[in-house]
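Participant: The structure's right below; bear with me while I get my questions together.
In the numbering used here, the protein residues as written are 2 to 1258.
Given below as structure tokens:
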């Protein structure tokens, strides 16, 4: 038989005592009897301990005043018989809920009747080792184990309270024993009562209990429904129970109790009293079919139900879902409406639901599993609802997890709740939770939830933290958790087997006393400090211990070491002296008031470590409360003659905008420290005419942020300007600040120290960018960059060799940016048995292989885009190939004075640079018009022929909303709010755009284009390509393109279709470059119309009349020609013909030159022939006329005028233009229209000659 270690020691001591009795003589008899009296419990075990429950008796009864429970002390027996007898007394072996009850039990029964008695409790793990349960089913929470207990050896499954010392087990503590211990008696303690009371918790969304129908659930004449309910809220309808499809039931309507008497909820009777939210309420409904009924709440009448309302529906209404699915829909539901509607769920606790008393009574006494049984054995299935105690705490038996030891659960079943805990001792540095399953492959993706709380039991609805799980594995860690109990609740989503939990912890050594440490006073340096270590990390570390007594709150507690020789490291902690041999962290610590740490049960313990080379070290704690803080200066080798000092930075006073500190321009203010949650305000007065305002942080460490706002205090979400540059060197600078007070907020989400702030006025700064990509060099930062909203600044880097990492970083300034990096990266193809790990092993380990490994490089195009918020972006390309990488920085908002830096290294792999394989360039590309047509159609989503604002990137769903107004301003020439095709075409086909788009399409990224291909392109504008061919070769480079762009002039006009210089809207012939006007509106252009001012119809009619007159005249001449005997007739005939010819061809008399001092034209001065003859003969051309023939018959002219005024007007014309009037060259002849708008054309061949009327005009 196995005996507990402590029990064995006790038994052996008794045996030795008995041996002394037999050895010693009569002189020692009294001593032997005295020793035997001390062992009276052992002697009694062999003669007085009962083994049959029927032989047991109650030795003593007492009432605990703390809980008013009755307790019985039983005669000695084994645990199982004591438990059976306890049930016969209407109770259970006692449950110990807390330390006070444990003390009362020990004081009341362990020495009853002046006899030492070990006491059985109800705690045992007989069903499963390690999973302890109280006899009455109460969850095992409180524990008071003795030293090294429970031992869980052999059959030691039952727990008793020790009455005397048992080795290291002290009186009043607990020890586990077998059922019937052989060496001393144990007395049972009975606690009278019903035992544990369980309830079900419903979430108000999906939880419910469903009970299949049977005939005994059919109710006809009388119905009584009762339940205990604990509602979390009183809004809406919350069904407690309902039968079938809109059958009988009761529910809460708001705070009132209602009875389901028919289909319509609005017609249901309702109580006149209400239940109380957040408390247990007893509710009852009684119905006598067709007679009446009533409500009762907490034993009080709550209203009557009339005979008309006293109906007991069967629950067979026939809802749509039931009808279409073909279900019976006759189940009994608890916690939701019936089968006809999966709705109106109850939110809160429900217990003791009964239908007609004992006809069906649901006490929920199981406390575990997803099944529950009523008093008749009828089973209900629990859907989602949780087992809880009446106070809402979960029902689970607690299992203790011992730190740095594995716990293995053979099975965890879906629907169950498992409770674990661990004790956190003082000076615990860290605790880590690791859990996973060792089950088969199907368990690899097991799903479960873990809820955590400190010093209270967590649940799904009340916890401090949830541990995330992934692929069946879960992990969490806590730094400096508070001393106490950490609780874990695990809820499996599927059955899991061989589940392992491992809690790893580190415990720091207790601190030395203050007398063993050196106190650091504020700003008083302690010099000539010495440390002598044993050398190396494997040797012993040398350490000096210090402390600081902080008596007032600090923003920053800083400890520094400096001077001397050697290498000292430094650490500070708010809990105990840092232990150099137990790990360290690097960097500025988080503020000590991290609320999340407090919520998670973590102490406000903070540490900071500094482990640089030499003796210059610095550590910080922020937001420091009064107390003792511990410092360790240590060295693994040695450090001599170094100095240590503590500096205090007190909490600032400018934490409100009204207390803002006024900055003097150009004067630094500092040194400043800050931490998460601390805001510090400043302000500067900007005078009229200030060109530029600069606010700068410098000299500090950590992480800071600046925000500015004019005339009002900024916040991290409301500001005019901001900077979130990495580190503590933020800067805000902008031109033309509005005169007045500018408020500045200095804050952080981490911590900073040693910062100076300065506000300065400066000259206007303008970033000058001409569109040419800027080359960046390795690790050389470019500052002061500005990018307006919607515009892009381009950079590039050239890698001579493949690298491991290419990193592009933007930071500082203000605004919002997006960074895109494009280039090529490589993938490695290994072969011939080579593996990457071989690069890092020596020849012996690689079996003597020498030389370079065999590998191939597979180039891959890569493009990575950053986020769009702020200016701090890092784009990283792994394994960059040699060659060019293009970087495009786009302004999401106006961004000013940010910096950019590119860094890269050489690849660790032994690969050579790869020559790029350039694709073959195309020999042609689309014209500017073709490109514009395609792009315009793609954007014209509604095919309206216009680009509206939503199609320009100004709509709510468009990612480039912010640049829409700029696009509209660029294209919308007539400012009508939309972009027409010709407006779009004009911008896209401007010479700069035409050249760039065509070059990019033909060069395909190769930097040059064949000159003959470029010249052969279908250009809309005119270019002088030879002018920019600087190197006089056959290709046009990108640099030559930029020169061509600089000198090009846009000659194409999208608004002049025929290119004649007249806009289409003013051009009568927009498709004819030779015509633009039609003065007489006859459809014939003025250039082709010989009488531009007279309609051709009138001309044709007039010539018809003239032709008729000529025919008549010729006929008369023919008649007269036959009359040879009449000379007078002949002369008259010739005279008539001459006058007709003169009337048709001669110029107007008013056009003839005048004799000086006379109004009579000087006919003799006219030339004998016209100086201009039309090159091509026309049927309407007139022959030249002798000057003498101009002496016309006035009567004939009058006759012609009456017949056709238009014709005569064109013949007589008007006064000639002055010879000094200049004309324009048409067809090689100087021509002028005079008078203007008259349609009369005058010509001359010499600019000094007078004007002559053009024939036909």
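Glycine included, each C-beta is placed from N, C-alpha and C at the ideal position.
The structure presented is a predicted model; accordingly, all values stated were derived computationally and were not measured.
1. What residue range does the alpha helix (DSSP H) around residue 1041 cover?
2. What does the alpha-carbon distance come out to for the pair residue 805 and residue 799?
3. Just verifying my parser: in three-state terms, what is the DSSP assignment at residue 305?
4. Would residue 199 and residue 366 be called neighbours here (beta carbons separated by less than 8 Å)?
5. Report buried or exposed for residue 59, applying the criterion of at least 16 other Cβ atoms within 10 angstroms of its Cβ.
6. Just to confirm, are residue 703 and residue 642 a CB contact at a threshold of 8 Å?
7. Measuring CA to CA, which of 646, 1076, 211 is closest to residue 519?
8. Nearest to residue 398 by alpha carbon, out of 420, 1030, 380, 253?
9. Would you mind listing the beta strand (DSSP E) stretches within the stretch 416-480 that are 3+ residues and don't spill past its ends, in chain order?
10. Specify whether the stretch 422-442 and the stretch 469-476 touch according to this definition: at least 3 beta carbon pairs, one from each stretch, less than 8 Å apart.
11. Exposed or buried, which one is residue 251 when buried takes at least 16 other CB atoms within 10 Å?
12. When the Cα atoms are used, what is the spatial distance from residue 1054 to residue 1018?
13. When you compare only the Cα positions, how much space is there between residue 941 and residue 981?
14. Would the stretch 565-582 and the stretch 629-644 be scored as touching if the rule is three or more Cβ pairs under 8 Å?
15. Going by beta carbon distance, what residues of the same chain come within less than 7 Å of residue 1238, once the five residues before and after it are set aside?
16. Three-state secondary structure (DSSP) at residue 515?
17. Per DSSP, what kind of secondary structure is residue 826 in: helix, strand or coil?
18. Would DSSP call residue 1110 helix, strand or coil?
19. Buried or exposed: which applies to residue 185, given that a residue is buried once 16 or more other Cβ atoms fall within 10 Å of its Cβ?
20. Looking only at its own chain, which residues have a Cβ that is under 8 Å from the Cβ of residue 355, when we skip the five neighbours before and after it?
21. Helix or strand or just coil, what does DSSP make of residue 199?
22. Answer yes or no: does any C-beta atom of chain B fall closer than 8 Å to that of residue 168?
23. Mapping DSSP to helix, strand and coil, what is residue 840?
24. Report, in whole angstroms, the separation of the C-beta atoms of residue 543 and residue 533, which I expect to be a contact under 8 Å.
25. Nearest-angstrom Cα distance between residue 766 and residue 784?
26. Within this structure, are the beta carbons of residue 802 and residue 914 separated by less than 8 Å?
27. Give the single residue among 1032, 991, 1003 whose Cα lies nearest to the Cα of residue 1024.
28. Need the endpoints of the beta strand (DSSP E) that residue 998 sits in, please.
29. Suppose contacts are defined by Cβ-Cβ distances below 8 Å. Is residue 347 in contact with residue 336 by that definition?
30. If you run the structure through DSSP and keep just helix, strand and coil, what is residue 249?
31. Starting from the C-beta of residue 600, find all residues in its chain whose C-beta is less than 6 Å away, skip the five residues before and the five after it, and write them out in chain order.
32. Quick check: residue 859 and residue 759, are their CB atoms within less than 8 Å of each other?
33. Does the stretch 210-218 touch the stretch 144-160, meaning 3 or more C-beta pairs lie closer than 8 Å?
34. What does a CB cutoff of less than 6 Å around residue 674 pick up in its chain, not counting 5 residues either side in sequence?
35. Do you know offhand how far residue 178's Cα is from residue 395's?
36. Can you list, in chain order, the residues of its chain whose CB lies under 6 Å from that of residue 385, leaving out five sequence neighbours each side?
Facilitator: Short version:
1. 1039-1048
2. 15 Å
3. strand
4. yes
5. exposed
6. no
7. 646
8. 420
9. 419-425, 429-438, 449-455, 466-468, 474-480
10. yes
11. buried
12. 18 Å
13. 10 Å
14. yes
15. none
16. helix
17. strand
18. helix
19. buried
20. 225, 226, 227, 228, 361, 362, 363
21. coil
22. Among the chains in the structure shown there is no chain B, since it carries only a single protein chain.
23. Any reading at residue 840 is ruled out, since the residue's pLDDT is 42, under 50, leaving its predicted position unreliable.
24. 5 Å
25. 13 Å
26. yes
27. 991
28. Where residue 998 is concerned, there is no enclosing beta strand (DSSP E), although the alpha helix (DSSP H) it sits in stretches over 992-1004.
29. yes
30. coil
31. Note that residue 600 scores 43 on pLDDT, short of 50, meaning its location in the model is unreliable; the coordinates nonetheless yield the value given after this. 465, listed in sequence order.
32. no
33. no
34. 556, 557, 650, 754
35. 29 Å
36. 207, 208
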